[in-house]
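Heads up: the structure comes next, in structure tokens.
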Amino acid sequence: MERKIPEHIGIIMDGNGRWAKQKGLSRSEGHKAGANVFRRICEYAGEIGVKYITFYAFSTENWRRPPDEVNALMNLFRAYLDEAEERQEENLQKGMRIHFIGHREGVPTDIIERFETTERDSRAADKIDVNIAINYGGRLEIVDAVKKIAQKVKDGEINPEDITEQDISDNIYTAGQADPDLIIRPSGEYRLSNFLIWQSAYSEFWFSDILWPDFTEADLDRAIDDFNNRNRRFGGV
Ligand code: FPP
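Converting from the sequence shown to the working numbering requires adding 1337 to each position, the first position being numbered 1.
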């Protein structure tokens, strides 16, 4: 039987800190290694025909980490977005359309500006949509959607009794995208940690002990193979 490629994959990039500790490196070095794996997996996903991929890069709770670590992560985001701009042509050829998903307020303005530039300059790409979740929390995403819908009610555009699930889907950060078919969490943790909680209602989950900086294309293939052995019924029989 032909292997089915999930249309949308979500990835929780976990285990950078432990990987660094094992190697006697700083946590920031672990994130740097993780960022390189992010680049590789992004490309590979596009090559094998994944249409949407969402990476959990920084949660609304991650601001509680030591300032040095938060700064190092922000600098990795800056470096990636600068590189995406420098390699605009190459990325367009690879068909990578980049999106920021998260709560914009609270993210350094220069990073938001870089995102806006990269989102604009990659808009014509049409092979794979790459969502980078920064200052992202699934509950906050739903609150943000509810606020938008409440405003429409206030403006008389919609009646409360007419609000549907589709209205929520249309007002969350991933509006217009397919829900994730498969969510991957390495590093031996078995939690969703507030990631894509609305979108993952029918997702399959794949967990592994691999630490994110050690994650390879072969691991993505393994996750996809296991996904192919699942029987998704969406509440049917
Ligand atoms: C969780 O591992 C990982 C994060 C909080 C950061 C993830 C971000 C990256 C890999 C950088 C991505 C870069 C770009 C350009 C999108 P952890 O630090 O909690 O690991 P631990 O549980 O082992 O301590």
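The C-beta atom is built at its ideal place from N, Cα and C for all residues, glycine as well.
All of these numbers come straight from a predicted model, not from anything done at the bench.
{"Query": "Buried or exposed, going by whether 16 or more other CB atoms sit within 10 Å of the CB of residue 1566?", "Result": "exposed"}
{"Query": "So, are the CB atoms of residue 1409 and residue 1365 less than 9 Å apart?", "Result": "yes"}
{"Query": "Identify whether residue 1428 lies in helix, strand or coil by the three-state DSSP scheme.", "Result": "helix"}
{"Query": "Please report the distance separating the alpha-carbon of residue 1443 from that of residue 1396.", "Result": "12 Å"}
{"Query": "Beta carbon of residue 1465, beta carbon of residue 1389: below 9 Å?", "Result": "yes"}
{"Query": "Would you kindly work out how many angstroms separate the C-alpha atoms of residue 1563 and residue 1371, rounded to a whole number?", "Result": "23 Å"}
{"Query": "Going straight from the alpha carbon of residue 1352 to that of residue 1440, what length do you get?", "Result": "24 Å"}
{"Query": "Apply the 10 Å Cβ neighbour rule to residue 1510 and answer buried if 16 or more other Cβ atoms are within range, or exposed otherwise.", "Result": "buried"}
{"Query": "The beta strand (DSSP E) that contains residue 1305, what's its start and end?", "Result": "The structure shown does not extend to residue 1305, since the chain spans only 1338 to 1574, so no value can be given for it."}
{"Query": "Does the beta-carbon of residue 1389, which I'm using as the reference point, lie nearer than 8 Å to any heavy atom of ligand 1?", "Result": "no"}
{"Query": "Since residue 1437 and residue 1479 are thought to touch, with beta carbons under 8 Å apart, how far apart are those beta carbons, to the nearest angstrom?", "Result": "Wrong, their Cβ atoms sit about 18 Å apart, outside the cutoff."}
{"Query": "Report yes if the C-beta distance between residue 1427 and residue 1387 is below 9 Å; otherwise report no.", "Result": "no"}
{"Query": "Keeping to the same chain, check which residues put their C-beta closer than 8 Å to that of residue 1422; ignore five residues upstream and five downstream.", "Result": "1451, 1454, 1455 and 1458"}
{"Query": "On the three-state DSSP scale, how would you describe residue 1560?", "Result": "helix"}
{"Query": "Please name the residue in 1546, 1570, 1374 and 1559 whose C-alpha comes closest to that of residue 1538.", "Result": "1570"}
{"Query": "Can you give, in chain order, each stretch of the alpha helix (DSSP H) that sits fully within the stretch 1339-1369 and has at least 4 residues?", "Result": "1353-1359"}
{"Query": "For residue 1393, which residues does DSSP report across the bridge?", "Result": "1349 and 1470"}
{"Query": "Short check: CB of residue 1401 to CB of residue 1561, under 9 Å?", "Result": "no"}
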